[in-house]
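J.: Provided herewith is a single structure, encoded as structure tokens, for subsequent inquiry.
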Amino acid sequence: MKTVASLDDLRSQLSELRAGGKTVAFVPTMGNLHEGHMRLIARAREEADVVVASIFINPTQFGENEDLSGYPRTLEDDKKRLIAEGCHLLFTPNRDIMYPEPDLTRVEVKKITTLHCGASRPGHFVGVATIVLKFFNQVQPDVAIFGLKDFQQFTVLKTMVENLFLPIRMIGVDTGRADDGLAHSSRNNYLTADEREIAPRLYQILQQTKAAIESDEASFASLTRKAKEALHEAGFTPDYFNISRRLDLEPATEEDRELVILAAAFLGKARLIDNIQINR
Ligand code: PAF
191 MKTVASLDDL RSQLSELRAG GKTVAFVPTM GNLHEGHMRL IARAREEADV
241 VVASIFINPT QFGENEDLSG YPRTLEDDKK RLIAEGCHLL FTPNRDIMYP
291 EPDLTRVEVK KITTLHCGAS RPGHFVGVAT IVLKFFNQVQ PDVAIFGLKD
341 FQQFTVLKTM VENLFLPIRM IGVDTGRADD GLAHSSRNNY LTADEREIAP
391 RLYQILQQTK AAIESDEASF ASLTRKAKEA LHEAGFTPDY FNISRRLDLE
441 PATEEDRELV ILAAAFLGKA RLIDNIQINR
């Protein structure tokens, strides 16, 4: 695997790798890679001839009270993992490359970005859409791979790709989980040993709510209330727990068929997010 940090080097490596019409799959990341990311790289290898990953801790997607400077930087370990998984090219630009002055342009996907994580983290998805569009323009991949743990992020980015006619196939990969159900996430590193024991309750509560919806047990409002109470009892501080329509992530009614339950909850210092899909 080659690692490049400048745009010129990225372009020259990409043109070599693309020789003979080879296709490119792209996996953008913020580093601190874990098994969940490795599933994305493995899928990228299935979808295209060449796998390109990026590591860039994107400042514009962090809120004022969020710890950008404390975000784990583990480049050497990340490289080892990427090499072991068969990644061909790693792009590690710095802030000046990604946000050259005058830095006056932002990308905004409307509506979906005001809900769920967008409501708790204003401006977050503008930062995400902006950086991902910049990467798409630099790498020009055939396929882009994202984890479905960030279901709302994937929906926002898919909408951006469709609205802007970008010739990129968007693939969402199912969430990788530990044996006890906890979704793989960089945030899990913030959990103490006791919190790590509690953390799988988030997915269990999603599964219980899914089962209750499938057997028409109660109204969505009362299931949501019960789920939040269960999170509290387990030791979480729920941020949101929303039963939504999968298409546009708006609140679902009992008549809707394709659903996703989206949840975020604080456990100590960690803000965990997860979701579960339902077809009725
Ligand atoms: O999911 C992430 O790690 C980030 O939001 C992304 C897509 C790499 C953009 O910075």
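The opening position of the sequence shown corresponds to residue 191 in my numbering, with each subsequent residue numbered one higher. Yeah, the Cβ is synthetic: ideal placement off N, Cα and C, and Gly gets one too. If you're wondering where the values come from, they're calculated on a predicted model, not measured in any experiment.
Is it buried or exposed for LYS339, if we count other Cβ within 10 angstroms and need 16 for buried?
T.: LYS339 is buried by the Cβ-count criterion.
J.: The beta strand (DSSP E) spanning ILE468 covers which residue range?
T.: 460-469
J.: Measure from the alpha carbon of ILE234 to the alpha carbon of each residue in ALA460, ILE287 and VAL333, then state which is nearest.
T.: First, the residue type needs correcting, since residue 234 is Ala and not Ile in the sequence shown. The option with the nearest alpha carbon to ALA234 is VAL333.
J.: Name the two residues that bound the continuous beta strand (DSSP E) containing SER434.
T.: 427-435
J.: Taking 8 Å as the cut-off, does the region 345-357 touch the region 289-309 (at least 3 CB pairs, one atom from each stretch)?
T.: yes
J.: Indicate the three-state DSSP secondary structure (helix, strand or coil) for GLY362 in the structure shown.
T.: strand
J.: When every heavy atom of the ligand PAF is checked, does at least one fall within less than 7 Å of the C-beta of ASP268?
T.: no
J.: Using a Cβ distance threshold of 8 Å, determine whether the region 306-316 contacts the region 246-260, with at least three qualifying pairs required.
T.: yes
J.: For PRO331 and SER196, I'd like the C-alpha separation in whole angstroms.
T.: 17 Å
J.: The ligand PAF and ILE395: does the residue's C-beta get closer than 7 Å to at least one heavy atom of that ligand?
T.: For the ligand PAF, no non-hydrogen atom lies closer than 7 Å to the CB of ILE395.
J.: Could you tell me which whole alpha helix (DSSP H) segments of length 4 or greater appear in the region 242-303?
T.: Here the runs fully enclosed are 265-275 and 285-288.
J.: Thinking C-beta only, is ARG470 closer than 8 Å to GLU407?
T.: no
J.: When the distance is taken between beta carbons, is PHE426 closer than 8 Å to ALA417?
T.: no
J.: Just reading off the alpha helix (DSSP H) that THR317 is part of, what are its end residues?
T.: In the sequence as presented, Thr is not what sits at residue 317; that position holds Gly. Looking at the DSSP string, the run of the alpha helix (DSSP H) that includes GLY317 is 314-329.
J.: I need the straight-line Cα distance from LYS270 to GLY337, nearest angstrom please.
T.: The alpha-carbon atoms of LYS270 and GLY337 are separated by roughly 20 Å.
J.: Could you say which of GLY226, ARG377, ARG447 and GLU385 lies nearest to GLU256 if we only look at CA atoms?
T.: The closest CA to that of GLU256, considering only GLY226, ARG377, ARG447 and GLU385, is found on ARG377.
J.: Quick one: residues in its chain with C-beta nearer than 7 Å to the C-beta of ASP438, no 5 flanking neighbours on either side, listed in chain order?
T.: ILE302
J.: Closer than 7 Å: is that where the CB of ASN248 sits relative to any heavy atom of the ligand PAF?
T.: yes
J.: Based on the DSSP secondary-structure assignment, which residues constitute the bridge partners of GLY367?
T.: The sequence given here has Arg at residue 367, not Gly. Its beta-bridge partners are ALA373.
J.: Roughly how many whole angstroms lie between the Cα atoms of ASN284 and PHE246?
T.: Going by the C-alpha atoms only, they are around 7 Å apart.
J.: Spell out the partners DSSP gives ALA453 in its beta bridges.
T.: Beta-bridge partners of ALA453 (DSSP): PHE431 and ASP464.
J.: To which residues of the same chain is MET220 closer than 6 Å at the C-beta, ignoring the five residues directly before and after it?
T.: If we look at MET220 and ignore the five residues flanking it on each side, its Cβ neighbours are ILE247.
J.: Since I believe ASP268 is in contact with LEU223 (beta carbons under 8 Å), could you give me their beta-carbon distance rounded to a whole number of angstroms?
T.: 5 Å
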